[in-house]
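Be aware that the sequence shown starts at -12, since it is given in this note's numbering, and climbs by one per residue.
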Amino acid sequence: MTTVEKLQESAPVGHDLSACDREPIHLSGAIQPHGLLLIVDAATFRTVAGAGDLEARLASDWLDRPISELIGQDLEALLRSADMGPGGTLRLAPVVAAGGTLEASLHRSGDMLIVELEPQPETSRPAIEVLVGLERAAATFERAADLVQLCERAAVAFRQLTGFDRVMLYRFLDDGAGVVLAEDRAPGRDSFLNHHFPASDIPRQARALYVRNRVRVIPDAGYTPAPIRPESANQGGIDLSDVALRSVSPIHLQYLRNMGVEASASISIVRDGVLWGLVACHHDSPRRMGPELRAAARALAGGLARQIRAQEEAESYRERLRLHAGEDLVIARLGGEQPIRVQLAQCGKELAELLDADGFALVCGDTVSREGHCPDDADLLRLAEWVNGQGGGLVVSRELSTPFPPAERYAGVGSGLLGMPIDGMDCMAMWFRMEEVERVNWAGNPHKAVEVEPGAVLTPRASFESWSQIVRGRARRWTLEEVKAAHRLRGVLHDLRQRARLRELNGQLSEANREQELLLRQKDVLMHEVNHRVQNSLQLVSAFLGMQARAVDDATLTSHLTEAQARLSAVALVHRRLYRDDQVEAVELSRYLDELMTDMRASLGKDWGSALRVYLAPVLVPTGRAVDIGLITTELVINATKYAYPGTTGPITVMLEQHRANLRLIVEDQGRGKSGAGEGFGSRMMKALVGRLGGELAFEDNAPGLRVILTAPIEESGR
């Protein structure tokens, strides 16, 4: 835990330090008495309430009078012609009153119009002089080398503009406290440079008002508030948030008096809608700041806020460049084939340097690897388990012992932690920063920010003497850009893991493909060998049949043997083609039938060489169906030679066509026409083959002769 090497005085027992945060300072019900306030009904334009010495300075009967009679201006007409906008303020013409001329302004608050009147400054600088000063200050802001120099120049510029004795530029820190970054002061005034102020000095509701109303002036801290009258008009509490004359908290007035301040001004520095800091102006005697000077201060603060943003964005840009260069170096080392956890462990030095850490540790299961200054392995294992239990996101701390008390034992090496779970790897990456002992100078004891006087009256601390605090257990802050870099690295590791997994799966797939290709090659070799052997066997049987047919004298037996030889040739031809081709699943039917008819011409005799004609369109069919079609074609041609032209030769035409998913095989002759009962072995075989093909066989008169048409699907049914 953060410790302080000094005896600290605690707040009084039972005292609630958040009481200041609950004070409704925007409903103070009073104004500072140097000005006047008129509250007007926006519907009737009659005065319903007021504050200040209205009777002596404006009119004794001011209540319930038309506002135009009191200030000599027609507000209704002015509002019709002016566009105030939400929260806007309308400058009115000066009002002549007893004791001098009053500056006038108007704004809306609900269904009320608020008119503020305050004395014109006794002396004022010409507008051109103020404008030149603003331009000169803006130019010096632009030339500032860094944020510190910018703040130093701003303190000088605001003091020149306002004329206050001391001007401090005050920045809010993450914990709500503030620190004085720069100051410009008159000789003899106490310095608060680099001093811290506790968050309770400026409560939350006051900070909200600083964003809304960006210039607040207290001309005389010893004033007595002027209440809103009549009291009944303020029963519900009139919102004075936008009233420049609003009376401030009595605690704040006492705070100023304890500092020896008689007059003050607070000018907000708002960056992107957030209160970044304040320009605090102090004077040792009463001092007013008129509307024109307040407007100039508001403009100067706006220019300062823009330059602060430019400085911070430039610093962030330089830091991003450094971080991206470091990320590229780390990513280049993480592109290898080894497991990501191994690669991460090997580039621990680069990972530590990436986030400007003093040490880096990687915990994967029970395995620990370290680089630089880190806790020991047992502590790292316990810390990794704790980080994993924080919801799965990044854990970022500059005071690790606060959320994780066991870390107090190794605060010297591990006060700062950036813990990053690595998705899907059961690994935890952790960056460490060593303790940096810090001396913090406070403007008074921050542990006595308030005191309780007799009667339980809450008062601010009485002393603002420098109070030093030695802070332990803290490391340098992790910047927003460093945290973003860790998020990017986490995404890169996720992508690398996904790519590694893809490489692994692709390797497995490639190996499976290689095995499949090997099996397919082995299958093709086997199929070719089988087809070769079947073809040789069928040719051998066909040769035996041919020899038998020549050896017998019986014409009928010779005819049967010749037909059987032709059928075997049809089957053998398919296997011969399969043996020669690379493709074994399908056969180009036109080439197969053309070769089959060539073989049949040879077996039928030379007289049939010119009589047997073929017209074949290319059709690719499965191997098994090609065998069936070849047998049917052989049978039809044999029948034509036997029955169309008995004992002689004649024209026979074989045609092959494709019609969408079907093929048509046509065998026609010009002979005697259909004859025979069709009950022989060949006819029965054809019927069986046609049925297996899922086709149909049609017989037509070719006039003269016979036309036989086989129609069948190219693919097997259901494929």
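C-beta atoms are modelled at their ideal positions from N, C-alpha and C, and glycine is treated no differently.
Residue 110, buried or exposed, once every other Cβ within 10 Å from all chains shown has been counted against 16: exposed
Assumed close pair residue 476, residue 314 - CB separation to whole angstroms, cut-off 8 Å: 6 Å
Helix, strand or coil: how does DSSP classify residue 439 here? Bear in mind that a pLDDT of 43 at residue 439, under 50, signals an unreliable position, so the model cannot answer this.
Between residue 400 and the ligand ATP, is there a pair consisting of the residue's CB and a ligand heavy atom that are separated by less than 7 Å? Only the bare structure without any ligand can be found here, which leaves the ligand ATP out of the picture.
Beta-carbon within less than 6 Å of residue 407's beta-carbon, same chain only, minus the 5 sequence neighbours each way: which residues are those? 381, 416, 473, 477
Segment contact, 8 Å Cβ cut-off, at least three pairs: the segment 611 to 621 with the segment 575 to 587: yes
Distance, residue 292 Cα to residue 383 Cα: 28 Å
Taking Cβ positions, are residue 34 and residue 52 nearer each other than 8 Å? yes
Is it buried or exposed, residue 628, if we count other Cβ atoms within 10 angstroms and call 16 or more buried? buried
How big is the Cα-Cα spacing for residue 127 and residue 306? 25 Å
In chain order, what residues of the same chain have a beta carbon less than 7 Å from the beta carbon of residue 679, not counting five sequence neighbours either side? The answer, listed in chain order, is 615.
Rounding to the nearest angstrom, what Cα-Cα distance links residue 23 and residue 217 in this structure? 14 Å
Taking C-beta to C-beta, are residue 649 and residue 698 nearer than 8 Å? yes
Determine the closest residue to residue 143 out of 123, 682, 132, with distance taken between C-alpha atoms. 123
Report the CB separation of residue 17 from residue 234 in whole angstroms; it is logged as a contact under 8 Å. 4 Å
Could you check if residue 442 is buried or exposed, using at least 16 other CB atoms within 10 Å of its CB as the buried criterion? In this prediction, residue 442 has a pLDDT of 38, which is less than 50 and means its spatial position is unreliable; what the coordinates show is noted afterwards. By the neighbour-count rule (16 or more Cβ atoms within 10 Å), residue 442 is not buried but exposed.
Closest by C-alpha distance to residue 411, when choosing among 685, 375, 229: 375
Does the segment 156 to 166 come close enough to the segment 268 to 278 that 3 or more CB-CB pairs lie under 8 Å? no
Under the three-state reduction of DSSP, which class applies to residue 616: helix, strand or coil? helix
Hey, out of 394, 21, 574, 651, whose CA is closest to residue 362's CA? 394
Buried or exposed: residue 668, going by 16 or more other Cβ atoms within 10 Å of its Cβ? exposed
Which term fits residue 224, buried or exposed, when burial requires 16 or more other beta carbons within 10 angstroms of its beta carbon? Counting the other Cβ atoms within 10 Å of the Cβ of residue 224 gives fewer than 16, which makes it exposed.
Do the CB positions of residue 258 and residue 228 come within less than 8 Å of each other? no
Closest Cα partner of residue 284 within the set 419, 349, 299, 121: 121
Go ahead and label residue 311 buried or exposed: buried means 16 or more other beta carbons lie within 10 angstroms of its beta carbon, across all protein chains shown. Looking at its Cβ environment, which holds fewer than 16 other Cβ atoms inside 10 Å, residue 311 is exposed.
Please report the straight-line C-alpha distance between residue 409 and residue 460, rounded to a whole angstrom. Whole-angstrom Cα-Cα distance: 27 Å.
Helix, strand or coil for residue 330? Go by DSSP, reduced to three states. helix
For residue 298, which three-state DSSP category applies? helix
Identity of the residues DSSP links to residue 608 by a beta bridge: 574
In angstroms with no decimal places, state the Cα-to-Cα distance between residue 207 and residue 270. 10 Å
For residue 58, name the three-state secondary structure that DSSP assigns. Looking at residue 58 - three-state DSSP - the assignment turns out to be helix.
On a CA-only basis, which of 157, 596, 673 is nearest residue 617? Give me that one, please. 673
Residue 631 and residue 693 - do their beta-carbons sit closer together than 8 Å? yes
Could you pull the DSSP bridge partners for residue 355 from this structure? 350
Exposed unless 16 or more other CB atoms sit within 10 angstroms - verdict on residue 118: exposed
According to DSSP, which residues form a beta bridge with residue 171? 154
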